[in-house]
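I have placed the structure first, in the form of structure tokens, so that the comments after it can refer back to it.
Number of protein chains: 2
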Amino acid sequence: MRPTTKDLAKAAGVSLATVDRVLNGRPGVRRATIEAVNEAIEKIGFVRNISAANLARNRIVRLAFLLPKSGDEFLATMIRNIVEARSAFETESIYVDVRDVLENDPHQITSVLSALNSDSVDGVAIMAAESPQVRDATMRLVERGVHVVELISGQPGAHPTAFVGIDNNRAGATAGRLMGRFLGHRTGEVLVISETMNARDSIERRLGFDEVITNDYPNLTALPSMETYGDPERARAIVENAYRSFDNIIGCYILSSEARAPLEAVAAISNVSDQVIIAHERTRATEAFLRDGTLDAVIAQDPGHLVRSAVRILRANCEGRKTIASQEQIRTEILIEENLN
Amino acid sequence: MRPTTKDLAKAAGVSLATVDRVLNGRPGVRRATIEAVNEAIEKIGFVRNISAANLARNRIVRLAFLLPKSGDEFLATMIRNIVEARSAFETESIYVDVRDVLENDPHQITSVLSALNSDSVDGVAIMAAESPQVRDATMRLVERGVHVVELISGQPGAHPTAFVGIDNNRAGATAGRLMGRFLGHRTGEVLVISETMNARDSIERRLGFDEVITNDYPNLTALPSMETYGDPERARAIVENAYRSFDNIIGCYILSSEARAPLEAVAAISNVSDQVIIAHERTRATEAFLRDGTLDAVIAQDPGHLVRSAVRILRANCEGRKTIASQEQIRTEILIEENLN
DNA sequence: ACATTTCTGAGGTACGTACCTCAAAGACTT
DNA sequence: AAGTCTTTGAGGTACGTACCTCAGAAATGT
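Quick mapping for you: the protein sequence lines, in order, are chains A and B. With positions in the first sequence counted from 1, the corresponding number in the working numbering is that position plus 5. With positions in the second sequence counted from 1, the corresponding number in the working numbering is that position plus 5.
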């Protein structure tokens with residue numbers, strides 16, 4: 006049978022109260038006694054019974070996801086994953102709340118963050134474009150005792166908080182490699198479309214993409230990033246303009262998570278079967294485009310994994326536990342038609 | 006505050022004892038009463054406190070992994086993942102045992118399975134080549150009250166047991182598509198190397214591969230499968246023979262999980278940079294070959310995910326719970342150098 | 001109306017840990 | 001040696017569920 010605190014007390018030659026003080030880091034125990042208890046823990050292989058601890062603590066974990074407010078299909082998928090997993094979380098006394106934050110408004114994000122404190126929430130997963138204000142507000146939130154993970158796009162600088170997401174430089178490089186290999190020896194231009202190049206993740210993807218193309222594929226010319234600002238009209242306009250200006254576009258890399266509008270514009274204006282088109286994130290739209298051959302590959306991260314990973318990390322932080330590192334590594338997935346499931 | 010069984014009893018207008026009978030499926034409750042309790046559960050949103058339940062039950066879950074005994078690096082990785090996750094499992098009162106089963110010996114596997122019963126183990130994850138004997142033994146094991154999942158390669162036929170692994174047909178098709186796209190318009194032969202073509206997974210991969218090559222790449226000829234029988238000497242011999250017999254080999258697909266020996270043979274005999282080489286499973290060897298450019302792509306399934314998924318499913322089965330389906334879907338991953346983490 | 005069976009209630013103990021109080025032992029200071 | 005401060009022990013209650021017993025109520029059959 007698994008040893009209990011009682012066994013531990015006996016093994017360490019101390020009382021239950023002292024064992025309790027050591028286990029829960031309470032004051033008033035001599036260093037020598039603490040060490041004796043720790044040695045006994047090693048010796049008898051004591052492992053805290055989490056069920057009993059949770060029950061005794063009667064503690065719940067309150068988490069919040071702060072997500073941009075946008076019609077983005079990828080975001081909708083994220084939210085769906087959170088909602089789907091919610092009942093499973095509640096089973097473990099984890100209550101997850103989703104809050105919309107205005108997109109691209111550091112001021113509003115900051116005010117939301119400032120309103121949070123450890124009385125109302127134990128952990129927060131933040132998905133926000135980088136900005137000094139957001140970063141500072143995050144720091145202060147951490148100082149107020151709230152655990153934080155950064156989701157998908159991290160804030161720059163020294164990180165006291167965990168990051169949950171893929172390495173965007175690597176993701177861009179992956180896209181670049183596939184573009185180069187799928188195009189073979191063909192010579193021409195590659196269109197690069199982004200919602201905005203102000204976001205850290207877009208910049209990193211672009212850098213990774215360019216590095217591969219520049220180094221290994223002299224036959225390809227990656228055009229300057231064109232920004233849609235999330236506007237389908239504008240997307241269509243810049244795509245039309247691009248295909249008018251360049252007469253040998255043989256590839257297209259859409260590096261933001263909302264691929265639908267740019268893809269539809271490209272499909273409407275050019276012959277997609279002559280081009281290699283690569284986008285990001287698995288959504289209903291990108292899946293459909295993969296299946297009908299419009300898209301050649303999708304670089305994706307699993308939203309369900311992102312959500313569960315963020316929750317696991319926050320919970321572990323709240324309870325002072327460690328996580329299985331390999332389980333929290335978000336993979337940069339390559340999707341083609343054949344491996345959709 | 007979260008409602009407890011006491012609240013539930015009050016809401017349903019019955020006693021705690023009756024609530025307990027309903028919740029744990031004990032006999033001696035009228036149908037009408039059961040329904041009243043279930044309605045009250047819905048109404049007040051009662052969720053069983055798992056911590057308390059586990060504590061009260063004081064029940065542990067004993068699981069066993071039955072794995073082939075082989076020097077296979079992929080298997081070693083699997084075992085490493087099990088061992089690494091073990092302490093995290095023990096935290097949740099799950100005890101995992103790993104047992105070696107002789108490879109390719111249905112008789113021995115069957116005798117091991119026959120020796121198992123619900124007194125010594127609650128759930129078993131089996132990884133074994135298909136055979137009628139193993140299948141029957143599995144069925145009998147299930148009848149003795151032991152939960153079973155089939156790992157990586159499932160037994161054919163009607164499945165009362167869960168399967169944890171990828172769709173090998175899809176995996177083969179994925180390899181075929183990448184082979185075709187990476188080779189572009191080049192014309193030539195593609196070598197296909199397998200440890201054995203008796204295993205279900207190998208056959209399925211081959212079928213998926215051929216379907217894509219045959220339908221979409223008339224410029225490519227997939228050669229008949231060559232079997233190494235796990236013998237490096239033999240691997241070298243058949244590879245040498247292949248490159249002597251065919252003078253225009255431009256691709257190589259290694260479809261079994263042990264890619265090292267065939268890869269080394271191919272690298273020693275031919276010029277790998279002129280060929281597209283695709284293998285399965287992420288191991289130290291395939292990672293190194295991806296990094297040095299020998300391998301062009303790897304089709305993989307995450308061993309850590311396999312292990313955790315098998316354990317989660319078995320545990321849920323033991324406790325009569327459901328799992329989050331999407332979490333247990335093992336992805337067919339495409340790995341190139343750029344997305345190795 | 002009776003006996004019999006089925007159903008329900010009341011009450012208890014147990015699981016292992018957290019957290020509390022109070023007393024007492026020990027260490028240290030002057 | 002007396003006083004103060006630190007450390008330890010003993011004992012308690014609480015968390016929410018599982019599982020047990022036994023008595024009594026309700027439904028069923030004759």
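The beta carbon of each residue, even a glycine, is placed where N, CA and C say it ideally should be.
Residue i at chain A interface by Cβ criterion, 8 Å
i	result
R186(B)	yes
E47(B)	no
S56(B)	yes
I282(B)	no
N253(B)	no
I318(B)	no
V126(B)	no
T412(B)	In this structure chain B extends from 6 to 346, so residue 412(B) is not present and cannot be described.
G189(B)	yes
G309(B)	yes
R313(B)	yes
L295(B)	no
Residues of its chain near residue i, where Cβ-Cβ distance is below 6 Å and the 5 sequence neighbours each way are ignored
i	result
S75(A)	E108
A321(A)	T328
A347(A)	The structure shown has nothing for residue 347(A), since chain A only spans 6 to 346.
I304(B)	A176, T179, A180 and H285
D127(B)	V66, R67 and C323
T265(B)	Sequence check: residue 265(B) is Arg here, not Thr. Counting only Cβ-Cβ distances below 6 Å, and skipping sequence neighbours, we find A290.
N86(A)	P308, G309 and V312
P111(A)	S136, Q138 and V139
R241(B)	A270
Cβ of residue i within 8 Å of any chain B Cβ
i	result
N43(A)	no
R182(A)	yes
E338(A)	yes
N224(A)	no
I173(A)	The identity of residue 173(A) in the sequence shown is Asn, whereas the question assumes Ile. Cβ-Cβ to chain B under 8 Å: no for N173(A).
V303(A)	no
T288(A)	no
S331(A)	yes
N344(A)	yes
Q306(A)	no
T299(A)	no
T192(A)	no
I341(A)	yes
T347(A)	No statement about residue 347(A) is possible, as the shown extent of chain A runs from 6 to 346 and does not include it.
L80(A)	no
L72(A)	no
Close Cβ partners of residue i (< 7 Å) along its chain, the five nearest in sequence each way excluded
i	result
R26(A)	G33 and V34
L121(A)	V129, L146 and V151
R182(A)	V217
K48(B)	A16
A45(B)	L13, A16 and A17
V24(B)	T10, L13, A14, A17 and V42
I131(A)	L71, T143, V153, E155 and L156
S98(B)	N59, I65 and V66
T115(A)	Q138, V139 and A142
D221(A)	G185
R149(B)	N122 and S123
S119(B)	A142
Cut-off 8 Å between Cβ atoms - residues of its own chain near residue i, not counting five sequence neighbours on either side
i	result
I335(B)	V169, G170, I171, Q306, D307, H310, L311 and S314
F353(B)	One cannot answer for residue 353(B) here, as it falls past the ends of chain B, which runs 6 to 346.
N54(B)	R7 and T9
R31(A)	D25
Which residues, in order along the segment 196-222 of chain A, keep a beta-carbon less than 9 Å from a beta-carbon of chain B?
G213 and V217
### Query
Counting pairs of beta carbons, one from the segment 176-189 of chain A and one from the segment 7-16 of chain B, are three or more of them closer than 8 Å?
no
Point to revise | Contained alpha helix (DSSP H) runs [length at least 4] in the segment 49-85 of chain B, N- to C-terminal order | key: 55-62
Take every Cβ of the segment 202-219 of chain B, pair it with every Cβ of the segment 269-277 of chain B, and state whether three or more of those distances are shorter than 8 Å. no
| field | Stretch pair the segment 271-281 of chain B + the segment 233-251 of chain B: three plus CB contacts closer than 8 Å | value | yes
- Residues within the segment 87-108 of chain A neighbouring chain B, beta-carbon criterion of under 9 Å: E89, A90, S92, A93, E95, T96, E97 and S98
- [ ] Entirely within the segment 149-224 of chain B and at least 3 residues each: give me those beta strand (DSSP E) ranges in chain order.
- [x] 152-156, 167-169 and 193-199
**Asked** Which ranges would you report for the alpha helix (DSSP H) in the segment 238-325 of chain A if only whole runs of at least 4 residues count?
**Response** 265-274, 289-296 and 308-323
In the segment 8-19 of chain A, which residues sit with their C-beta less than 9 Å from some C-beta in chain B, listed in chain order? none
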